[in-house]
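Heads up: the structure comes next, in structure tokens.
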Amino acid sequence: MTERAGYLPGIAEADIEWQTLDFQRGNAALHVEVPVLDDAQMDALAVRVKLASRTILKALTVSEIVDITDRAIARLLDRNDPYRRKCEALLPLVTGYDAEMVRLGLTGYLKTFRKPNLQKFIAEDFANPKILDEFQPAPKGGFTKAIGPDLLVHVWAGNVPGLPLWSMVAGLLVKAGSIGKVPSGEPLFAGWFAQLLVEIEPRLTDCLAVVWWKGGDTAREDALLKQADTVLAYGGNESLTELRKHVPITTRYLPHGHKVSFGMVAGATLDTRKAAGVAQQAAYDVVRYDQQGCFSPHLFFVERGGRVSPREFTRYVAHALAGFESKYPRRELTIAEAGGIAAWRDAAETEALSHPDMEVIASETGTWCAVYSEDTTTLNPSGLNRTIRIVAVDALDDVAPLVAPFKAFLQTAGIAAPPEELHRLANVLGTAGVTRICALGNMTAPEAGWHHDGRFNLLDLISMVEIEQSAETAAETFAPYTD
Amino acid sequence: MDFRGQTIIVTGASRGIGAAVAKAFAAEGGTVIVNYLKNAEAADRTVEACKTAGGDAQAMQADVNDRDAIQRMVDTVAEEFGRIDTVVNNAFRPYTFDPDNRKRFDELAWTDYRDQVDSALQSAYNLCHAVLPVMKKRATGSIVNVATDLVARAVVPYHEYTTAKSALVGFSRTLAAELGPLGIRVNCVAPGLVYPTDASRDTKEAVKDAIIEQTPLRRIATPEDVTGPVLFLASDWSRFMTGQTLYVDGGLVMG
Chain A
1 MTERAGYLPG IAEADIEWQT LDFQRGNAAL HVEVPVLDDA QMDALAVRVK LASRTILKAL
61 TVSEIVDITD RAIARLLDRN DPYRRKCEAL LPLVTGYDAE MVRLGLTGYL KTFRKPNLQK
121 FIAEDFANPK ILDEFQPAPK GGFTKAIGPD LLVHVWAGNV PGLPLWSMVA GLLVKAGSIG
181 KVPSGEPLFA GWFAQLLVEI EPRLTDCLAV VWWKGGDTAR EDALLKQADT VLAYGGNESL
241 TELRKHVPIT TRYLPHGHKV SFGMVAGATL DTRKAAGVAQ QAAYDVVRYD QQGCFSPHLF
301 FVERGGRVSP REFTRYVAHA LAGFESKYPR RELTIAEAGG IAAWRDAAET EALSHPDMEV
361 IASETGTWCA VYSEDTTTLN PSGLNRTIRI VAVDALDDVA PLVAPFKAFL QTAGIAAPPE
421 ELHRLANVLG TAGVTRICAL GNMTAPEAGW HHDGRFNLLD LISMVEIEQS AETAAETFAP
481 YTD
Chain B
1 MDFRGQTIIV TGASRGIGAA VAKAFAAEGG TVIVNYLKNA EAADRTVEAC KTAGGDAQAM
61 QADVNDRDAI QRMVDTVAEE FGRIDTVVNN AFRPYTFDPD NRKRFDELAW TDYRDQVDSA
121 LQSAYNLCHA VLPVMKKRAT GSIVNVATDL VARAVVPYHE YTTAKSALVG FSRTLAAELG
181 PLGIRVNCVA PGLVYPTDAS RDTKEAVKDA IIEQTPLRRI ATPEDVTGPV LFLASDWSRF
241 MTGQTLYVDG GLVMG
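Right, here's the structure in full:
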């Protein structure tokens, strides 16, 4: 099976050099052809998108853009739609994730982009969304308008299915022309979404493009980056640092580096009725996308004092992981990944030799591993791919100081706690660097309009243009109707 | 079924159903702890039979009604073998199944009931208590409790025995509900009249014939008949079964 990735308006497919990425899952093979543009093609593409961004996209109202996006999402939610079918058939092959997990994950994810959610998304950043369409009176006097970049370049990373949707939609909502570079780990979704948008609204034909280049191909990168107004990039801190060197100083650079997320479980939630359910939710967060997301948990801090001890909680989590293994089998790992988790487990088992209070529970086939520890000084993150460390603490209030040294890397904290505790913890965690607090079981599904890494998804992209009151007043003096 | 590398404790395994179960596990490669109360000689014979069958076995004396003794036994097993995969609660106090001379309800003292509850239930309670911390560490394990088909059909009204075994079925279901989320399964095997065993030695031919007549498979159970369902419930083949009671009585009880 062969599938072409990308979306390249104005360039004939025959004029493009295609490179093939091979994905093999069991007996099924998928060949994804990715476009390799030359400098001139990349340059022309950027010029084309910028022009369309200025003349077409910026002339649409936000309401129109919301409607178009909503229609595209509706198509992707329809399981009989050809694009949706392609997603369900090919994304498991490309990413290796279990087909059921991809299917359910897509639906859960896509429905957060329906019209009401998009409206919330905008309202989160703009009290008056009309500010994206025309100058609006400002409380301080004068008028303001929010203007999106002509060219927003996205550099995506990772393999969580559909992840580029966040920034693509954010770009659309601020009327930015977009060129996105897909990662080799999941090169398909972004291109399909672009094609689908154009199918629904042909006026958008030149407003966006989806490209690819091999990691480290700085020539291609430079050709695009020098044209960008804003660059939104995802990935490891090393690649982001490297990328920053190629972004002109006049260009806004918005990096989203690797993050670490964790869970917290209050003793009050661990009674004999609720404990197994809380553990099930914790395990679900571990299982979803095999901890490949920035919002996936690496650690759980579990408070002592409940009817079910942190040690017992670990066992509940272990069995829940075993249960999920049959419902959502872990994706097939590369040799390096398999080696990585084997090493992680070996390290835990070695550590357990000198810490008799530790417990290492793992499936015989190595598909999951839960480690219980009472040592709060060794906060080794997980080995990914369904390996989790559960640390017992006397009080959840002890957690914030433990994670504070990793401030730059913190993102989500999934919390199971009574209301008062939730709010008290949120306060200290926020200061420690956590930017998102959610329920256990929801860690991998941020709600519409969330502030990714604590930032403003839309506000970060726009520039405000102001008509100061002085201009307005002065203009009055030049009015033809002046007495 | 393959029980190689697995450790199985069978209580009351020196004779009868327990011995047959021990041998059957050994024949599939398991390491069997042959628990017994008094008859060391019989226990040794079971151990020998287990080894001949191809598995490993060790006799361990412990009174299932003595909590400390059972704890010591489990500690020894855990230390020596590192894991306990299955526990078969089979031991029970001597009870004579004699339909002609059984006690009628008005002849029964409360202590008769209490003795049987201690026999069927306290023994299972003691061993489960001791073994669960070991099983929980691996988030897996199987507990098989030996009940009787009399709990479903009181062919002969052995009041105190059947009442206690009924309690064991309830005990098992409840434990199954609690331990399911930890990956540990609890099930019962409920045999019909098993012959020959020491307990059924005095059961009259007429009774056996009457039972045989009503049994679709037209015979009485042998100790070996009970082994298959016990091994099945211990094995991964029954991995999605818990809280169940399997009747092993040739179809006398259905459902």
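Note that the protein sequences, when read in sequence, are chains A and B. With the working numbering applied, the first sequence corresponds to residues 1 to 483, in that order. With the working numbering applied, the second sequence corresponds to residues 1 to 255, in that order. In this text, a Cβ means the ideal position worked out from N, Cα and C, and glycines have one as well. Small disclaimer: the values here were computed from a predicted structure and weren't measured.
DSSP places H258/A outside both helix and strand once states are collapsed to three, so it counts as coil. For Q24/A, there is no enclosing alpha helix (DSSP H); the enclosing beta strand (DSSP E) has its first and last residue at E17 to R25. Residue environment for L217/B: exposed (fewer than 16 other C-beta atoms within 10 angstroms of its C-beta). Taking 8 angstroms as the threshold, the shortest C-beta distance from A318/A to chain B falls below it. Separation of T163/B and I390/A (C-alpha to C-alpha, rounded to the nearest whole angstrom) is 44 angstroms. For a Cβ distance threshold of 7 angstroms, nothing in chain A lies close to L217/B: the least Cβ distance comes to about 35 angstroms.
Listed along chain B, the residues sitting closer than 9 angstroms to A322/A by beta-carbon distance are A139, T140 and G183. Taking G449/A as reference, the option from Q119/A, A223/A, I335/A and M101/A with the minimal CA-CA separation is Q119/A. Contact annotation: in the stretch 134–148 of chain A, no residue has its CB less than 7 angstroms from a CB in chain B. The contact set of A276/A on chain B, defined by CB atoms closer than 7 angstroms, consists of P181 in chain order. In the same chain as G257/A, and ignoring 5 residues on each side of it, the C-beta atoms closer than 6 angstroms to its own belong to N237 and L240, in chain order. For G171/A, the enclosing alpha helix (DSSP H) has its first and last residue at L165 to L173. With a cut-off of 8 angstroms on Cβ pairs, the stretch 105–118 of chain A is in contact with the stretch 155–174 of chain A, counting three or more such pairs. Contacts with chain B at 8 angstroms (Cβ-Cβ) include I361/A.
Within chain B, K136, A139 and L182 have C-beta atoms less than 7 angstroms from the C-beta of R315/A, given in sequence order.
Bounds of the beta strand (DSSP E) holding F300/A are P297 to E303. Under the three-state reduction of DSSP, S184/A is assigned to coil, being neither helix nor strand. As computed with DSSP, Q291/A is found in no beta bridge at all. Judged by DSSP secondary structure, K145/A falls outside any alpha helix (DSSP H) and instead within the beta strand (DSSP E) spanning F143 to I147. The Cβ neighbour count for H154/A, taken over all protein chains shown within 10 Å, is at least 16; the residue is labelled buried. Proximity of the stretch 197–204 of chain B to the stretch 174–188 of chain B falls short of the contact definition, fewer than three beta-carbon pairs being nearer than 8 angstroms. CA-CA distance, P129/A to R25/A, rounds to 46 angstroms.
P248/A sits exposed, since fewer than 16 C-beta atoms from the chains shown fall within 10 Å of its C-beta. Looking at the DSSP output, I437/A bridges to A413/A. By the C-beta criterion, the stretch 143–163 of chain B is judged to be in contact with the stretch 101–109 of chain B, since at least 3 inter-stretch pairs fall below 8 angstroms. If one requires a minimum length of 4 residues, the alpha helix (DSSP H) runs lying completely within the stretch 45–95 of chain B are 67–81, in chain order. For N427/A, the uninterrupted alpha helix (DSSP H) run begins and ends at P419 to A432, by DSSP. A residue is called buried once 16 or more other Cβ atoms fall within 10 Å of its Cβ, and I179/A is buried on that count.
Straight-line measurement puts the Cα of L93/A at about 18 angstroms from the Cα of E325/A. Each residue's CA atom was taken as its position, placing V399/A and A347/A some 23 angstroms apart. Per DSSP, reduced to three states, the secondary structure at M42/A is helical.
D225/B and A99/A have their C-alpha atoms spaced approximately 44 angstroms apart.
Closest option to A268/A, judged by alpha-carbon separation, among M101/A, V287/A and G306/A: G306/A. Scanning its chain for C-beta atoms nearer than 7 angstroms, with the 5 sequence neighbours on each side dropped, one finds around A276/A the residues Y316, in chain order. Per the Cβ contact rule, the stretch 50–67 of chain B is not in contact with the stretch 452–470 of chain A (fewer than 3 Cβ pairs under 8 angstroms).
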